[in-house]
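Sequential numbering from 3 applies to the sequence shown in my numbering. Here the structure comes first, spelled out in structure tokens, and everything after it is commentary.
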Amino acid sequence: MLALLRTCRSVRAEIRNTWLQQVLFVFEDPNSMLDKLANIPTTTLALIRYARISGETVMLSFREDSIYYRTSQALKLLPGLALDRLTVLGPRDHEVSYQTLSMLVRHGAGWKELYYLSHNSAFLAYVDFGDDRYFRVPQPAGWQRALEARDGTNSGASVAIYRANAPRCPGAVLDPATRVAFTQTLPAGCDLDTCGTFEDAALMKHGEREKEVLVVVKRGHGVEYAEKQGSPYLEDGASERGCQARHGRKSRLRLPGLMTKTTTTSDLASTRESLPWWTSTSMWMIMYGLPSIISATCEVPQSQAMPPCASEIMLLQSPKVVSHCSVSGQIINQCVLGGKQNKNKRKRKINDGNC
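Printed below as a string of structure tokens:
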């Protein structure tokens, strides 16, 4: 269909942008989603109806701290988004997966219906060691209460959980014939405040833990679910100090004074206008926090001096140099390799676009 739009003028004139409502947009992670959607017009963004992304976190580092933002927070950068269905593939970490879904239920916007897929059942059964961020209660009752608190008890808002009939059968939970509805109950002798401190043995035993889970969340009737312009970042970003072990290798993005937890999308827009000339669109997307990106373009005017490799805002996550600059012969004062400053590489010249 897209090929027809690009080759046939009459088809393109007739269809215009309506095809956006008929296709599924698939993104590897929230970073890729922001990279593609954050700069398109709001009127175009509002036409998209179906999207699927990974529930991995977005990480921002500034000064000497790092903050991890969940999927619901990343969506705040897409005002006007009004999906009929958002599909999220839960991350591997059980606690992070549970919190990601909980935040989508409590604070998420930009979707009417949410499909949350987990590769196993452990995110409903892990032991809560007292961290309030990962406080676990029996589901779907807990999420149902939270959603009704947002949309109203008579709005028709609902949360349902389905589990695959068999373990290790990828995609089985998507077929109504190979899944069953699931409801978690309080263990004997426990209450809502203490149930999460015990592992759900029934779900964690061999053959049960490996079963896929699908959580279907539907917003209430008549609820305004589109993402709003100027939505503040939620104050629930997870600090690097408490979550480093859960997220693996650290990436460092230095953004001195650029963002706070109460920064709004309007603030970000005004901040962008005041940034130096060498922060191109690609660089700005890195500033939004895109840990999977390992390269960026910085458009360097011939008449202006190159800053110190812009290394103070370079995102580093591989042994490759992240900066690819368009001007040859400029001096780079700090080339950074593999996440650390390589003193032996100081004052290397840009040659054919590489540090």
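For each residue, glycine too, the CB sits at the ideal point set by N, CA and C.
_Taking 7 Å as the limit between beta carbons, can you name the residues of its chain near S123, skipping five residues before and five after?_
Counting only Cβ-Cβ distances below 7 Å, and skipping sequence neighbours, we find R165, L205, E210, R211, K213, V215.
*Can you grab the Cα-Cα spacing for the pair I17 / D67, in whole Å?*
Roughly 48 Å between the two C-alpha positions.
*Where does E150 fall in DSSP's three states?*
In this structure, E150 counts as helix in the three-state DSSP scheme.
*Taking the CB atoms as reference points, tell me whether Q101 and Y71 lie closer together than 8 Å.*
One thing to note: Q101 has its Cβ no nearer than 8 Å to the Cβ of Y71.
*Which whole runs of the alpha helix (DSSP H) in the stretch 92–125 are 4 residues long or more, in chain order?*
Runs found: 96–109.
_I163, enclosing beta strand (DSSP E) - first and last residue_ = Membership of I163 in the beta strand (DSSP E) is indicated by the continuous run 160–166.
*Identify whether A183 lies in helix, strand or coil by the three-state DSSP scheme.*
DSSP, read as helix, strand or coil, puts A183 in strand.
_Neighbourhood of D153 by C-beta distance below 8 Å, restricted to the same chain and skipping five residues each side_ = Hits under 8 Å: A159, R221, G222, V225.
*Roughly how many angstroms lie between the CA atoms of H96 and Y128, to the nearest whole one?*
If I take the Cα positions, the gap works out to 7 Å.
*K220, DSSP secondary structure in three states*: In this structure, K220 counts as strand in the three-state DSSP scheme.
*Does DSSP classify V13 as helix, strand or coil?*
Residue state, collapsed to three classes: helix.
*From G198, G92, R65, R8, pick the residue whose C-alpha is nearest to that of P32; which is it?*
Selected option, being the one with the closest Cα: G92.
*The alpha helix (DSSP H) spanning A63 covers which residue range?*
Sequence inspection shows Ser at residue 63; the Ala mentioned does not correspond to that position. Unbroken run through S63 is the beta strand (DSSP E), 60–64; no alpha helix (DSSP H).
_Three-state secondary structure assigned by DSSP to V225_ = In the three-state scheme derived from DSSP, where H, G and I count as helix and E and B as strand, V225 is classed as coil.
*With a 10 Å radius around its C-beta and 16 neighbouring C-beta atoms as the bar for buried, classify G191 as buried or exposed.*
G191 is exposed by the Cβ-count criterion.
*asked:* Is the separation between the beta-carbon of L103 and that of Y118 shorter than 8 Å?
replied: Yes; because the gap between Cβ atoms is below 8 Å, this pair is in contact.
_Segments of 3+ residues assigned as beta strand (DSSP E) that fall wholly inside the stretch 24–70_ = Runs of the beta strand (DSSP E) lying entirely within the stretch 24–70 and spanning at least 3 residues, in chain order: 26–28, 52–56, 60–64.
*Determine the DSSP secondary structure at R2, reduced to helix, strand or coil.*
Residue 2 cannot be examined here, being either before or after the span of the chain that is shown, 3 to 357.
*Measure the Cβ-Cβ separation of L39 and L47 and say whether it is below 8 Å.*
Taking 8 Å as the Cβ cut-off, L39 and L47 qualify as a contacting pair.
_Outcome for R65 when other beta-carbon atoms lying within 10 angstroms are tallied against a minimum of 16_ = Classification for R65: exposed.
*Alpha carbon to alpha carbon, how far is R11 from V323? Give it in angstroms, no decimals.*
Only weak support exists for where V323 lies, its pLDDT of 32 falling under 50; the value from the coordinates is given anyway. Roughly 43 Å separates the two Cα atoms.
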